[in-house]
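*Asks:*
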Amino acid sequence: MGIKPVNPIVFYSYPISGHAHRVELLLRMLDLPFKKVDIDLRKGEQKTPEFLALNPFGMVPVIEDSGTVIWDSAAILVYLSHKYDDGQFLPTDPIGAAEVQKWLAIAAGPIASGPAFARAQLLFNRPGDLGQAQSIAHSLFGVMNQYLATHRYLAVDRLTIADLAAYTYIAHAPEGGIELSEYPNLRTWLSRIEHASSFVPMPASKVG
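Numbering-wise, our numbering puts 70 at position 69 of the sequence shown, and it's gapless, one number per residue.
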């Protein structure tokens with residue numbers, strides 16, 4: 002692994018945020034010292050002037066690393082990998098880096114508008130078309146299930162930030178009314194990540 006931060010990284014999180022969970026996974030897998038500060042989204046703490054000074058969009062996760070503030074989960078994953086890793090979680094070769102970027106785009110696209118949005122509707126009463134979000138999820142999972150029939154991980158043949166960015170909202174898709182039973186290769190991939198060193202689960206949420 003790479004160097005260690007001089008001071009613990011301050012990690013602004015929310016216990017059941019999938020975006021925050023993917024960052025926590027990398028912090029732990031890189032064995033980086035960090036201090037977690039939970040922001041209560043239900044109470045609107047992400048909209049306080051103090052937090053908006055860190056992220057003007059009022060969203061978690063955010064990290065502070067010795068004066069450097071980074072927000073957006075994908076940006077944080079890239080930052081941490083570049084600064085504190087040796088290429089394990091973010092390949093440095095052009096093809097490997099491009100493969101990771103493709104899956105980061107999937108995480109920000111159909112994962113966000115599919116399983117993540119369906120879950121947000123059922124857990125947080127987020128307005129939207131639940132059926133459409135579930136349909137997006139099933140279309141995505143069908144493609145991923147076929148892909149994972151011949152690949153152990155998403156980007157390259159090892160765990161990378163591509164897998165971490167995709168994992169949480171897929172693992173918690175049932176909280177959005179999306180069952181995973183018909184996607185055996187996808188479930189095997191989830192299990193593979195869950196058996197990685199330093200993995201910690203995100204707490205399950207009860208719908209209703």
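Cβ atoms here follow ideal geometry from the backbone N, Cα and C, with glycine treated the same way.
All figures in this text were calculated on a predicted structure; none of them were measured in a lab.
Helix, strand or coil, according to DSSP, for residue 69 in the structure here?
*Replies:* strand
*Asks:* Sorted by chain position, which residues of the same chain lie with C-beta nearer than 8 Å to residue 150's C-beta, five sequence neighbours on each side aside?
*Replies:* 186
*Asks:* Looking at C-beta atoms only, is the number of pairs between the region 86 to 105 and the region 151 to 169 that lie closer than 8 Å three or more?
*Replies:* Between the region 86 to 105 and the region 151 to 169 there are three or more C-beta pairs closer than 8 Å, enough to call the two in contact.
*Asks:* Can you tell me which residues form a DSSP beta bridge with residue 37?
*Replies:* Bridge partners of residue 37: 12.
*Asks:* Using the C-alpha atoms, what's the distance from residue 184 back to residue 143?
*Replies:* The alpha-carbon atoms of residue 143 and residue 184 are separated by roughly 7 Å.
*Asks:* Using beta-carbon positions only, say whether residue 53 and residue 45 come within less than 7 Å of one another.
*Replies:* no
*Asks:* Going by the DSSP bridge assignment, what does residue 64 pair with across the sheet?
*Replies:* As computed with DSSP, residue 64 is found in a beta bridge with 12 and 71.
*Asks:* Thinking C-alpha only, which one of 28, 7 and 4 is nearest residue 13?
*Replies:* 28
*Asks:* Between residue 10 and residue 176, what straight-line distance do the alpha-carbon atoms span, to the nearest angstrom?
*Replies:* Each residue's alpha carbon lies about 30 Å from the other.
*Asks:* Would residue 68 pass as a contact of residue 157 if the rule is Cβ separation under 7 Å?
*Replies:* Cβ atoms of residue 68 and residue 157: not closer than 7 Å.
*Asks:* Taking Cβ positions, are residue 115 and residue 134 nearer each other than 7 Å?
*Replies:* yes
*Asks:* Is the distance from the Cβ of residue 24 to the Cβ of residue 77 below 7 Å?
*Replies:* yes
*Asks:* Given a cut-off of 7 Å on the beta-carbon distance, is the pair residue 101 and residue 163 in contact?
*Replies:* yes
*Asks:* Between residue 113 and residue 121, what straight-line distance do the alpha-carbon atoms span, to the nearest angstrom?
*Replies:* Computed Cα separation, rounded: 10 Å.
*Asks:* Would you mind sorting residue 86 into buried or exposed? The rule is 16 or more other CB atoms within 10 Å of its CB.
*Replies:* buried
*Asks:* If we require 3 or more residues per run, which beta strand (DSSP E) segments fall completely within the region 94 to 138?
*Replies:* none
*Asks:* Measure how close the beta-carbons of residue 173 and residue 203 come, nearest whole angstrom, since I'm counting them as under 8 Å.
*Replies:* 7 Å
*Asks:* Write down the C-beta distance between residue 131 and residue 119 rounded to the nearest angstrom, noting that I regard them as a contact closer than 8 Å.
*Replies:* Rounded, the Cβ-Cβ distance is 6 Å, consistent with contact.
*Asks:* By DSSP's criteria, residue 159 is part of a beta bridge. Which residues make up the other side?
*Replies:* 157
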